[in-house]
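Undergrad: Residue numbers (our numbering), protein chains in the order written: chain A, 34 to 529; chain B, 1150 to 1291. Cβ coordinates follow ideal geometry from the N, Cα and C atoms, glycine included. Shown below is the structure under consideration.
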Amino acid sequence: MKIFHFSDIHATRGNKFRKDNLEFIINEINRGDFDLAIFTGDATNEGQRHEYEIAANMLEKIECPLVSIPGNHDARSGGIKLFEKYIGPQNGVLECGDAVVIYVNSSVGDSNDGRIGRGKFNILKKALNKYSEKPIKIVAIHHHILPIPMSGRERNVLANAGDVFDLIQRADVDLVVSGHRHYPNVYDVEGTVYINAGTASSAKTRYGDVNSYCTIDIDENKKDVTIKRLNGEDTRRKYDRKIKCAFSDFGDREFRAIHLSNTYFSQSQSFLSQHYEEAVKSIKTFDPDLLIHCGGIVKEGTPGDYKFAMHEINKLEFPIIFTPAARDINYLGYHLFNQNFGDLDQQYTNDDILIQGISTPQYDSSIGVVGETERNDLLKGLTNAPHKFRSVFLHHNIIPIPHSREKGLLEDAGDLLRELVDEEIDLVLTGTSYHPYATRVGKTVIVNANSVSSAYQRSRFGNSFNLIDIYEKAIVVSEINSFWGTRKLLGIWERR
Amino acid sequence: MNNQTQPSEKLNVPIRQFITKRLIGINKNASIQESAARMAEFRISSLGILDESSVIGIITDTDLKKKALAEGKSSNNPVHEIMTPDPVTADISSPVRNVLELMSKYKIKHVFVTETGEVVGVITRKELKDLDLQSMETYIAR
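Printed below as a string of structure tokens:
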């Protein structure tokens, strides 16, 4: 099956809209032998009637079946009603041969933010259940779910991206097509390919890039995805449709780490002392080589909390490395972290393994950011490292986490994720959003830890920490309930 | 599956919403001892038995007890001798109710989960119970 994906045409009067480029793209659709075309939103620049007339006239020329969804620009000035009149429904399902396209409007009127509210989330969930047997499942949403590189600050990711991401991953969706950020990008997440087509015809491109679109060829075994820039530059990648789920050969275990976050040491009720005590006992039974604390060590950066933390941390009788959360470095914590735990960017190495920390919180601020200079230094260090297993740990999330909202996301997550995935870093550990999660983006396994012993946690499985086992042939990640010591498998992935 | 959810609602949840699509297994020619060691290593109560990449059977704690120890079988024998072939499966889109019905009908604690006909994971009776354990912590924890 051949699919054509384009986005963000931004039709309007004047030179912000490159009409010639859209005409070229529509010509490409009609010239090619495509079974389906998907347009992922921002038909107009300001949601105005005259813009809808231009967009509708152009889109009508497409000869193959077309799915169109609205974007945030289409919802400006009440334009969403005009979208329905000129383009089509906001949400729906299109069956096309072996494929089904489930599409939902993620725009919020007069806002650039994206959200799939409870009603639309349920439409998506029910449709994914109903069409679970369909050979090719496609979801179309204007706002991107995974952070996009070269996009500056990552402020407009879908507000409930974590829940939507988890829903899609569990439903074995083949393709997720999006727009919004005017920069083309493709990620493979365990067999689901997330595509951002860039902008087809807006003059507003990023980093001096040109307009772009995407073609996808799906057969029984492969997804062949090509980002096509209008300067003739093509980026083509092939992805397997099936992932390995049953594992029988692990080889010897090479390393065992405990990955934890948000201990919340304090004399307050938000520190669950019995959960921590049970977790300490449980950790000892695993006899790990290393503990990796991804921040939220203390509840607040006060001398009292730090004093208490040192007393509690000493109960963990294993080597431990830390990266701070904002709460660890607020107030006097800015000094106390260094005095008690050492450098902000800590590291563990042996002959084969590098585990590199990168500090992301900002003093007296809730935002997370690595920063361009620090990111370049980090990547340089990782690229030059001779270790056969390279890992990074930080507090903030670089992918959306279920039940969380975008506040936990690193502001330069788009660039960091792209660079770590391109560098084929084996493992990235994060520790915020109070919900465990593990998946693989490209060849990089990304794992988030729930809170070990804070009352603020969001998992039905309860407070927990992660057990990371690195075998000769596989990485195995399990969640261990702090209180009961019960174990839940989060994932297994073949070593590269 | 929080406290507010009614039992009938819980039973209608498709299992794909909370299972992990991964199965820990072992090659059919591995020994019974190696299989027991793997179950101990991962602290799990069942193991998929694989022929190449295909899942052909299951062994559980009970199989180790009844078919190996109680029978006096050598721990060096291949594990496929004590496996249950053609294990009971449920499609990943099945609701919890169907899985519980299978567990009741066959008097088993483990059901393999399939997606498009291939085994992608396992669901256990204990896992279903674990989801309720958290609600008890608040009553126990100080």
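1) Assign A/Ala108 to one of two classes, buried (16 or more other C-beta atoms within 10 Å of its C-beta) or exposed (fewer than that).
2) Nearest to A/Leu500 by CA position, among B/Glu1183, B/Arg1192 and B/Asn1178, is which residue?
3) For B/Ala1239, does the count of other Cβ atoms within 10 angstroms reach 16, so buried, or fall short, so exposed?
4) Which residues in chain A sit within 8 Å of B/Val1269, going by Cβ to Cβ distance?
5) Return the residue from the list A/Ile400, A/Phe116 and A/Glu512 that minimises the CA-CA distance to A/Tyr494.
6) Run through DSSP, which three-state label would B/Met1150 get?
7) Look at A/Leu324 and A/Ile353 and say whether their C-beta atoms are less than 8 Å apart.
8) Return the chain-ordered ranges of every alpha helix (DSSP H) run that is complete within the segment 259-325 of chain A and spans a minimum of 4 residues.
9) Please go through the same chain and pick out, in chain order, the residues whose beta-carbon is closer than 6 Å to the beta-carbon of A/Ile276, but skip the five residues on each side of it.
10) If I measure Cβ to Cβ from A/Ile171 and keep anything under 8 Å in the same chain, skipping five residues before and after, which residues do I get?
11) Note down, one range per segment and in chain order, each beta strand (DSSP E) of at least 3 residues found wholly within the segment 363-432 of chain A.
12) Taking all protein chains shown into account, decide if B/Arg1171 is buried (16 or more other Cβ within 10 angstroms of its Cβ) or exposed.
13) Considering only residues of the segment 433-468 of chain A, which uninterrupted alpha helix (DSSP H) runs meet the minimum length of 4 residues and lie entirely inside it, listed in chain order?
14) When you compare each of A/Arg186, A/Glu253, A/His43 and A/Leu99 to A/Leu443 by their alpha carbons, which one comes out closest?
15) When the Cα of A/Asn295 is compared with those of A/Leu263, A/Ser424, A/Gly329 and A/Leu305, which residue comes out closest?
16) Are the beta-carbon atoms of A/Phe16 and A/Asp361 separated by less than 8 Å?
17) Distance, Cα to Cα, A/Ala230 vs A/Asp252?
18) Buried or exposed: where does B/Leu1218 fall if 16 or more other Cβ atoms within 10 Å of its Cβ makes it buried?
19) Taking Cβ to Cβ, would you say B/Leu1199 is nearer than 8 Å to B/Ile1208?
20) Output, in chain order, the set of chain A residues within a Cβ distance shorter than 8 Å of B/Leu1172.
21) For the beta strand (DSSP E) containing A/Ala132, name the first residue and the last one.
22) So A/Arg423 packs on A/Ile458, CB below 8 Å; how close in whole Å?
23) Here's the rule: buried if 16 or more other CB atoms are within 10 angstroms of the residue's CB, otherwise exposed. What is A/Ala312?
24) Ignore the nearest five residues each way along the sequence and tell me which others in A/Ser101's own chain have a CB closer than 6 Å to its CB.
25) With a threshold of 8 Å between beta-carbons, can B/Thr1169 be considered close to chain A, or not?
26) How would you label A/Thr382, buried or exposed, when you count the other beta carbons within 10 angstroms and need 16 or more for buried?
27) For the pair the segment 1219-1239 of chain B and the segment 1177-1185 of chain B, tell me if three or more CB-CB distances fall below 8 Å.
28) Name the one or two DSSP bridge partners that A/Asn481 has.
29) In three-state terms, what does DSSP make of A/Pro180?
30) Answer with yes or no whether the minimum CB distance from A/Ser437 to chain B is below 8 Å.
31) What three-state label does DSSP hand B/Ile1207 in the structure shown?
32) Give a yes or no on whether the minimum CB-CB distance between B/Arg1246 and chain A is below 8 Å.
33) Would you please verify whether the beta carbon of B/Ile1207 is less than 8 Å from any beta carbon of chain A?
34) Helix, strand or coil for A/Arg520 per DSSP?
35) Does any residue of chain A have a CB that is nearer than 8 Å to the CB of B/Glu1264?
36) Can you name, in chain order, every residue of its own chain whose Cβ lies under 6 Å from the Cβ of A/Leu293, other than the five neighbours on each side?
TA: Taking the geometry as given:
1) As a first step, residue 108 of chain A is located in the first sequence; it is residue number 75 there, counting from the start. The residue in question, A/Ala108, is buried, as its Cβ has 16 or more Cβ neighbours within 10 Å.
2) Translated into the one-based positions of the first sequence, residue 500 of chain A becomes position 467. Taking only the C-alpha atoms, the option nearest A/Leu500 is B/Arg1192.
3) Counting from 1 along the second sequence, the entry for residue 1239 of chain B is found at position 90. Under this definition B/Ala1239 is a buried residue.
4) Position 120 of the second sequence, counted from the start, is the residue given in the question as residue 1269 of chain B. Under the 8 Å cutoff, chain A gives Cys278 and Ala279.
5) Taking the first sequence and counting its residues from 1, one reaches residue 494 of chain A at position 461. It should be pointed out that residue 494 of chain A corresponds to Phe in this sequence rather than to Tyr. Comparing Cα positions, the closest option is A/Glu512.
6) Taking the first residue of the second sequence as 1, we reach residue 1150 of chain B at position 1. The predicted model places B/Met1150 with a pLDDT of 43, which falls under 50 and marks its position as unreliable; any figure quoted below should be read in that light. Here B/Met1150 sits in coil by DSSP.
7) The residue you call residue 324 of chain A lines up with position 291 of the first sequence. The residue you call residue 353 of chain A lines up with position 320 of the first sequence. Contact flag set, yes.
8) 306-319
9) For the purposes of this step, residue 276 of chain A is taken as the residue at position 243 of the first sequence. The answer, listed in chain order, is Glu223 and Gly224.
10) One-based indexing of the first sequence puts residue 171 of chain A at position 138. Closer than 8 Å at the Cβ level, and outside the excluded window around A/Ile171, lie Ile36, Ile71, Ala132, Val133, Val134, Ile135, Val206, Asp207, Leu208, Val209 and Val210.
11) 380-382, 386-390 and 422-426
12) The residue labelled residue 1171 of chain B in the question sits at position 22 within the second sequence. Buried, because 16 or more other Cβ atoms sit within 10 Å of the Cβ of B/Arg1171.
13) 446-455
14) Translated into the one-based positions of the first sequence, residue 443 of chain A becomes position 410. That would be A/Arg186, whose Cα lies nearest to the Cα of A/Leu443.
15) Numbered from 1 along the first sequence, position 262 holds the residue referred to as residue 295 of chain A. Comparing Cα positions, the closest option is A/Gly329.
16) This structure gives no information on residue 16 of chain A, because the portion of chain A shown stretches from 34 to 529.
17) Your numbering for residue 230 of chain A matches position 197 in the first sequence. Your numbering for residue 252 of chain A matches position 219 in the first sequence. Going from the Cα of A/Ala230 to the Cα of A/Asp252 covers about 21 Å.
18) As a position in the second sequence, residue 1218 of chain B is number 69, starting the count at 1. Exposed, since its Cβ has fewer than 16 Cβ neighbours within 10 Å.
19) The residue labelled residue 1199 of chain B in the question sits at position 50 within the second sequence. The residue labelled residue 1208 of chain B in the question sits at position 59 within the second sequence. Cβ atoms of B/Leu1199 and B/Ile1208: not closer than 8 Å.
20) Translated into positions along the second sequence, residue 1172 of chain B becomes position 23. By Cβ distance, chain A contributes Cys278, Ala279 and Phe280.
21) As a position in the first sequence, residue 132 of chain A is number 99, starting the count at 1. Residues Ala132 to Val137.
22) As a working note, residue 423 of chain A is residue 390 in the first sequence. As a working note, residue 458 of chain A is residue 425 in the first sequence. About 5 Å separates the two Cβ atoms, so the contact holds.
23) Here residue 312 of chain A corresponds to residue number 279 of the first sequence, with the count starting at 1. Flag for A/Ala312 reads buried.
24) The sequence position of residue 101 of chain A within the first sequence is 68, counting from 1. Contacts found: Phe72, Ile120 and Gly121.
25) Mapped onto the second sequence, residue 1169 of chain B falls at position 20. So, interface residue.
26) On the first sequence, residue 382 of chain A is found 349 positions in, with the first residue counted as 1. So A/Thr382 counts as exposed.
27) yes
28) The count along the first sequence starts at 1 and reaches residue 481 of chain A at position 448. Per DSSP, A/Thr463 and A/Tyr470.
29) The sequence position of residue 180 of chain A within the first sequence is 147, counting from 1. It is coil, neither helix nor strand.
30) Within the first sequence, residue 437 of chain A is the residue found at index 404, counting from 1. A/Ser437 does not count as touching chain B.
31) Indexing the second sequence from 1 puts residue 1207 of chain B at position 58. Here B/Ile1207 sits in strand by DSSP.
32) Translated into positions along the second sequence, residue 1246 of chain B becomes position 97. False, the Cβ-Cβ gap to chain A never drops below 8 Å.
33) The sequence position of residue 1207 of chain B within the second sequence is 58, counting from 1. It does not; no Cβ of chain A falls within 8 Å.
34) Taking the first residue of the first sequence as 1, we reach residue 520 of chain A at position 487. A/Arg520 falls in the strand class under three-state DSSP.
35) Here residue 1264 of chain B refers to the residue found at position 115 of the second sequence. By this cut-off, B/Glu1264 is an interface position.
36) Position 260 of the first sequence, counting from 1, holds the residue named residue 293 of chain A. Once the five neighbours on either side are set aside, the close Cβ partners of A/Leu293 are His326, Ala482, Val485 and Phe498.
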